[in-house]
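Enquirer: Just so we're aligned, residue 203 is where the sequence shown starts under the numbering used here, counting upward by one.
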Amino acid sequence: MLNFEVHNPTLIDFLLLLVLLFCCYTDLRTQKIYNYVLLPAVLAAMLINFTTGGLSLLGNSLVGLLAGMALLTLPFAAGGIGAGDVKLMGAVGAFKGPEFALIAFLAAAIAGGVFSVYLLIRQKKMMLTLNKIYYFCFSKLFHIPVTVNFGQLDTAARQDSFPYALAISAGAILAYFLG
């Protein structure tokens, strides 16, 4: 009989790191996160969690998958991120559970903000963006019609965005070291 005693947290962590690195690479190169990477990763996470902790860890993995995906549903619906990013966060949850997915999500939001500020400064668009935010807040505060065109998230130029797999990966790595 085969022995599946692989309860070694470093195995799960190592596999998650490999998935994150590969998804960062493909997101940087093609702005795509592939299902042929994520589906086997999620299945492997569930299998490892099941073999090491039975139905309890399998359930935790499934709840983590759903929680991770749910956390990015609104940004996806707004057009701010792609479906691959949602599935990647779900994979993070499948590997490490819902609590980890939540911490990784919050850390990814911070990392995404830092990356965005860096890009705005690098592209010399920081002041323009701050002015737009100022005028938007000013108009809402004093009930003045908005005269600044803020654009749509889904029509943002490719050079104005960054691969969110970087933020998710940074968030997951930060969550790993925080907990």
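Quick reminder that beta carbons are idealized off the backbone N, C-alpha and C, glycines included.
Only a predicted model underlies this, so the values are computations on that prediction, with no experimental measurement involved.
Of all the options 287, 346, 342 and 228, which has the alpha carbon lying nearest to the alpha carbon of residue 303?
Expert: For the purposes of this step, residue 303 is identified with residue 101 of the sequence shown, where counting begins at 1. Nearest option by C-alpha distance: 287.
Enquirer: May I ask you to report which of helix, strand or coil DSSP gives residue 336?
Expert: Residue 336 sits at position 134 when you count from the first residue of the sequence shown. Residue state, collapsed to three classes: helix.
Enquirer: Could you tell me the distance, in whole angstroms, from the CA atom of residue 251 to the CA atom of residue 367?
Expert: The sequence position of residue 251 within the sequence shown is 49, counting from 1. The sequence position of residue 367 within the sequence shown is 165, counting from 1. Cα to Cα, residue 251 sits roughly 24 Å from residue 367.
Enquirer: Report, in whole angstroms, the separation of the C-beta atoms of residue 292 and residue 270, which I expect to be a contact under 8 Å.
Expert: On the sequence shown, residue 292 is found 90 positions in, with the first residue counted as 1. On the sequence shown, residue 270 is found 68 positions in, with the first residue counted as 1. Confirmed, about 4 Å.
Enquirer: What residues in its chain sit with their C-beta under 6 Å from that of residue 346, if we drop five residues either side in the sequence?
Expert: Here residue 346 refers to the residue found at position 144 of the sequence shown. Hits under 6 Å: none found.
Enquirer: My assumption, with CB atoms under 8 Å, is that residue 306 sits in contact with residue 243. Please give the rounded CB distance.
Expert: Counted from its first residue, the sequence shown places residue 306 at position 104. Counted from its first residue, the sequence shown places residue 243 at position 41. That pair is no contact at about 15 Å.
Enquirer: With a threshold of 8 Å on Cβ separation, who are the neighbours of residue 283 within its own chain once the five nearest residues in sequence on each side are excluded?
Expert: Residue mapping note: residue 283 aligns to position 81 of the sequence shown, counting from 1. Within the same chain, residue 283 has close Cβ partners 274, 277 and 366.
Enquirer: Where does residue 225 land, buried or exposed, given buried means 16+ other C-beta within 10 angstroms?
Expert: Translated into positions along the sequence shown, residue 225 becomes position 23. So residue 225 ends up on the buried side.
Enquirer: Verify whether the separation of the beta carbon atoms of residue 264 and residue 296 is less than 9 Å.
Expert: On the sequence shown, position 62 is the one that residue 264 refers to. On the sequence shown, position 94 is the one that residue 296 refers to. For residue 264 and residue 296, yes; Cβs fall inside 9 Å.
Enquirer: Buried or exposed: residue 371, going by 16 or more other Cβ atoms within 10 Å of its Cβ?
Expert: As a first step, residue 371 must be located in the sequence shown, where it is residue number 169. It counts as buried.
Enquirer: Let me know the secondary structure DSSP gives residue 289 once reduced to three states.
Expert: To locate residue 289, count along the sequence shown from 1; it is residue 87. Helix.
Enquirer: Roughly how many angstroms lie between the CA atoms of residue 336 and residue 369, to the nearest whole one?
Expert: The sequence position of residue 336 within the sequence shown is 134, counting from 1. The sequence position of residue 369 within the sequence shown is 167, counting from 1. Between residue 336 and residue 369, the C-alpha separation is close to 26 Å.
Enquirer: With H, G and I counted as helix, E and B as strand and the rest as coil, what does DSSP make of residue 346?
Expert: Here residue 346 corresponds to residue number 144 of the sequence shown, with the count starting at 1. DSSP places residue 346 in coil when its eight states are reduced to three.
Enquirer: For residue 223 and residue 344, I'd like the C-alpha separation in whole angstroms.
Expert: Reading the sequence shown from its first residue, position 21 is the one you call residue 223. Reading the sequence shown from its first residue, position 142 is the one you call residue 344. Roughly 47 Å between the two C-alpha positions.
Enquirer: Is DSSP giving residue 264 helix, strand or coil here?
Expert: Translated into positions along the sequence shown, residue 264 becomes position 62. Of the three classes helix, strand and coil, the one that applies to residue 264 here is helix, per DSSP.
Enquirer: Report yes if the C-beta distance between residue 272 and residue 373 is below 9 Å; otherwise report no.
Expert: Against the sequence shown, residue 272 aligns to sequence position 70. Against the sequence shown, residue 373 aligns to sequence position 171. Contact flag unset, no.
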